[in-house]
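Read the structure below first, then the notes.
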Amino acid sequence: MSHETGHAMSHGTGDGTGRPTIALIGGRPKLVRKAHELGMGVVYIQHPGQYDRAHWPYVDQALLVDYTDTERLLPLVRALHQAYPFDGVVSLYELGVRPAAEIDRMLGLGWHSLETVDLLLDKWRMRRRLNGLGVSPVAAAVGETERDLRDFAAAHGLPIFVKPVCEAGSIGVFAIHDEADLAAVPARFRELEARFDRSDLAGPLDRFLMEEFLDGPEISVETLSFDGRHVLVGVTDKVLGGPGFVEVGHSCPSRHPEPLLREVERLVMAFLDAVGLRNGPGHTEVKLTGRGPRIVESHTRIGGDRINELTEIAYGVDMDRHALGSRLGLVEPLIRSPLPRAGAAIRFLTPPPGRVTEVTGVEDVLADPALVELEISVRPGDEVPPLTWSEERVGHVLARGETAEQAAAACERLAAMVAIRTEAVS
Numbered sequence: 000m001s002h003e004t005g006h007a008m009s010h011g012t013g014d015g016t017g018r019p020t021i022a023l024i025g026g027r028p029k030l031v032r033k034a035h036e037l038g039m040g041v042v043y044i045q046h047p048g049q050y051d052r053a054h055w056p057y058v059d060q061a062l063l064v065d066y067t068d069t070e071r072l073l074p075l076v077r078a079l080h081q082a083y084p085f086d087g088v089v090s091l092y093e094l095g096v097r098p099a100a101e102i103d104r105m106l107g108l109g110w111h112s113l114e115t116v117d118l119l120l121d122k123w124r125m126r127r128r129l130n131g132l133g134v135s136p137v138a139a140a141v142g143e144t145e146r147d148l149r150d151f152a153a154a155h156g157l158p159i160f161v162k163p164v165c166e167a168g169s170i171g172v173f174a175i176h177d178e179a180d181l182a183a184v185p186a187r188f189r190e191l192e193a194r195f196d197r198s199d200l201a202g203p204l205d206r207f208l209m210e211e212f213l214d215g216p217e218i219s220v221e222t223l224s225f226d227g228r229h230v231l232v233g234v235t236d237k238v239l240g241g242p243g244f245v246e247v248g249h250s251c252p253s254r255h256p257e258p259l260l261r262e263v264e265r266l267v268m269a270f271l272d273a274v275g276l277r278n279g280p281g282h283t284e285v286k287l288t289g290r291g292p293r294i295v296e297s298h299t300r301i302g303g304d305r306i307n308e309l310t311e312i313a314y315g316v317d318m319d320r321h322a323l324g325s326r327l328g329l330v331e332p333l334i335r336s337p338l339p340r341a342g343a344a345i346r347f348l349t350p351p352p353g354r355v356t357e358v359t360g361v362e363d364v365l366a367d368p369a370l371v372e373l374e375i376s377v378r379p380g381d382e383v384p385p386l387t388w389s390e391e392r393v394g395h396v397l398a399r400g401e402t403a404e405q406a407a408a409a410c411e412r413l414a415a416m417v418a419i420r421t422e423a424v425s
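Position 152 of the sequence shown, counted from 1, bears residue number 151 in numbering that gives the first Met the number 0, the numbering being contiguous throughout.
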């Protein structure tokens, strides 16, 4: 098996049995399981080190390759498609959405628009498109130097937001409140680029997007689109924490007033039309500012942070299944937005930086009837880094309740029961 050339492996039929077949790029084993349960053949495209026996029962053909290297990926997929044809291609993972759209364009499958994917991956292009249409106008510019930052701050005032042009997971998102902090921004981006593995980044961090400061709480809006018809599935309230804007919690359904949520829905529908999204899931982040709702960014995938699980509990809709099966007629399209039927919440575990000395409270949390899921990724001896992006959170508690308020309260109670003690590393 080779990182350089890719390697195709067979674990099932893949033999023209007449089943609809999907190519799935990246993602957890649960996604290939869901596709298999829908009665689909599965061609799975994954990094070699991330494919194991948890996937095997559900995968007919596996192409093991660095799928972000599309120059190498596309000819491999073309050859594989000739031997094991598939009807569509999907990725619900940030670094897989562009390779999926490139495969779609190469094979003429008609599921994704590469232009739309590129527009949403490049936050500067997206902002220019929206500002040109008068949809959710936000002052913005791209910069590389301290001079660029000072010019933008002089034109629009402080504070301002600074973030990478093409990233997710809250990497490198800063609010600059003081003029004295402007000089440090270019160096902070260089440090970030040196710190991260290239495979974790969507692009270089040599440029940054500067935007006017958007006040107010942030929400995310989950949507499904069916041939250009958009359906709002749910709205999730966010809790931000840490020195940047890392998400440390979510709950749904949203507790904001209905008139405001209807305004958000109108904005998001206009936004999806503006960027040309026609099929599949959308995960759109919105700030509820004093001047009305404003789009922050959006993605042609389902939200991370277990948002699909929250949405399924709160609204009864499994967006994974829709993303995989709706285009092939295996899942009935949504006609209208679902009504909330429960509350769901998640809180992430973010202990102080240092070496873990003890983890306690797990048994009591596991026995609690409000718990849906507990995940802890550290144990004594592991090191917890300072919280600068989503992947540095060390676990989570997911809980349900009759309402969002009850779910959030249960979640915070359970999260407080988990004690991850750390000591400073000398």
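All residues carry an ideal CB built from backbone N, CA and C; glycine is no exception.
As the structure is a prediction and not an experimental result, all values here were calculated from the model.
{"Check": "If we call anything under 8 angstroms between Cβ atoms a contact, is residue 344 one with residue 403?", "Outcome": "yes"}
{"Check": "Check the DSSP bridge columns for residue 251 and list the partner residues they point to.", "Outcome": "343"}
{"Check": "Output needed for residue 100: all residues of its chain with C-beta closer than 6 angstroms, excluding positions within five of it in sequence on either side, in chain order.", "Outcome": "111, 113 and 116"}
{"Check": "By the three-class DSSP mapping on this structure, what secondary structure does residue 321 have?", "Outcome": "helix"}
{"Check": "So, are the CB atoms of residue 233 and residue 313 less than 8 angstroms apart?", "Outcome": "yes"}
{"Check": "By Cβ distance below 7 angstroms, which residues in the same chain neighbour residue 205 in space, the five residues on each side in sequence not counted?", "Outcome": "143"}
{"Check": "For residue 424, does the three-state DSSP call read helix, strand or coil?", "Outcome": "coil"}
{"Check": "Using a C-beta cutoff of 8 angstroms, does residue 420 count as contacting chain D?", "Outcome": "The structure shown contains no chain D; it holds only a single protein chain."}
{"Check": "Is it a yes or a no for the segment 251-270 touching the segment 173-192, going by three-plus beta-carbon pairs under 8 angstroms?", "Outcome": "no"}
{"Check": "How should residue 376 be labelled, buried or exposed, when 16 other C-beta atoms within 10 angstroms of its C-beta is the threshold for buried?", "Outcome": "exposed"}
{"Check": "Using only alpha-carbon positions, find the residue among 374, 353, 260 and 399 that is nearest to residue 362.", "Outcome": "374"}
{"Check": "State the DSSP-derived secondary structure class of residue 285, mapped to helix, strand or coil.", "Outcome": "strand"}
{"Check": "Please state the DSSP three-state secondary structure of residue 42.", "Outcome": "strand"}
{"Check": "Applying the 10 Å Cβ sphere with the 16-neighbour rule, what's the burial state of residue 421?", "Outcome": "buried"}
{"Check": "Residue 81 and residue 63: beta carbons closer than 8 angstroms?", "Outcome": "no"}
{"Check": "Let me make sure I understand the geometry here. Which of 304, 141 and 73 has the alpha-carbon closest to that of residue 65?", "Outcome": "73"}
{"Check": "Quick check: what's the CA-CA separation for residue 331 versus residue 261?", "Outcome": "25 angstroms"}
{"Check": "In the DSSP assignment, the beta strand (DSSP E) including residue 228 goes from what residue to what residue?", "Outcome": "228-240"}
{"Check": "One question on the structure: do residue 352 and residue 393 come within less than 8 angstroms of each other, judged by their Cβ atoms?", "Outcome": "no"}
{"Check": "If you draw a straight line from the alpha carbon of residue 360 to that of residue 77, how long is it in whole angstroms?", "Outcome": "51 angstroms"}
{"Check": "Between which residues of its own chain and residue 400 is the CB-CB distance below 6 angstroms, once the five residues before and five after are set aside?", "Outcome": "342, 406 and 409"}
{"Check": "Take the Cβ of residue 13 as the centre, count every other Cβ of all protein chains shown within 10 Å, and call the residue buried at 16 or more, exposed below.", "Outcome": "Because the pLDDT of residue 13 is 43, which lies under 50, any placement of that residue in the model is unreliable, and the question is left without a value."}
{"Check": "How should residue 286 be labelled, buried or exposed, when 16 other C-beta atoms within 10 angstroms of its C-beta is the threshold for buried?", "Outcome": "buried"}
{"Check": "Provide the residue span of the beta strand (DSSP E) that contains residue 78, from first to last.", "Outcome": "Run containing residue 78: none in the beta strand (DSSP E); it sits in the alpha helix (DSSP H), 69-82."}
{"Check": "I'd like the span of the beta strand (DSSP E) that includes residue 63, first residue to last.", "Outcome": "60-63"}
{"Check": "At which residues does the alpha helix (DSSP H) containing residue 96 begin and terminate?", "Outcome": "96-106"}
{"Check": "For residue 416, which residues in the same chain have their Cβ closer than 7 angstroms to its Cβ, ignoring the five residues on either side in sequence?", "Outcome": "360, 363 and 364"}
{"Check": "Output needed for residue 167: all residues of its chain with C-beta closer than 6 angstroms, excluding positions within five of it in sequence on either side, in chain order.", "Outcome": "Because residue 167 carries a pLDDT of 49, less than 50, the predicted location of this residue cannot be relied on, and the following value inherits that uncertainty. These residues qualify, in order along the chain: 93."}
{"Check": "If I measure Cβ to Cβ from residue 308 and keep anything under 6 angstroms in the same chain, skipping five residues before and after, which residues do I get?", "Outcome": "none"}
{"Check": "Would you decide whether residue 89 is buried or exposed? Buried here means 16 or more other CB atoms lie within 10 Å of its CB.", "Outcome": "buried"}
{"Check": "Can you tell me the Cβ-Cβ gap for residue 174 and residue 158, rounded? I've got them flagged as a contact below 8 angstroms.", "Outcome": "5 angstroms"}
{"Check": "Terminal residues of the continuous alpha helix (DSSP H) containing residue 401?", "Outcome": "Unbroken run through residue 401: none, as it is neither H nor E."}
{"Check": "Looking only at its chain, what residues have a beta carbon closer than 8 angstroms to the beta carbon of residue 164, apart from the 5 residues adjacent to it on each side?", "Outcome": "121, 122, 123, 141, 202, 206, 207 and 208"}
{"Check": "Please name the residue in 128, 356 and 220 whose C-alpha comes closest to that of residue 380.", "Outcome": "356"}
{"Check": "Our contact map puts residue 275 next to residue 297 with C-beta atoms below 8 angstroms; I'd like the distance itself, whole angstroms only.", "Outcome": "Rounded, the Cβ-Cβ distance is 12 angstroms, inconsistent with contact."}
{"Check": "On the CB-based measure, 16 or more other CB atoms within 10 Å of its CB, does residue 334 come out buried or exposed?", "Outcome": "exposed"}
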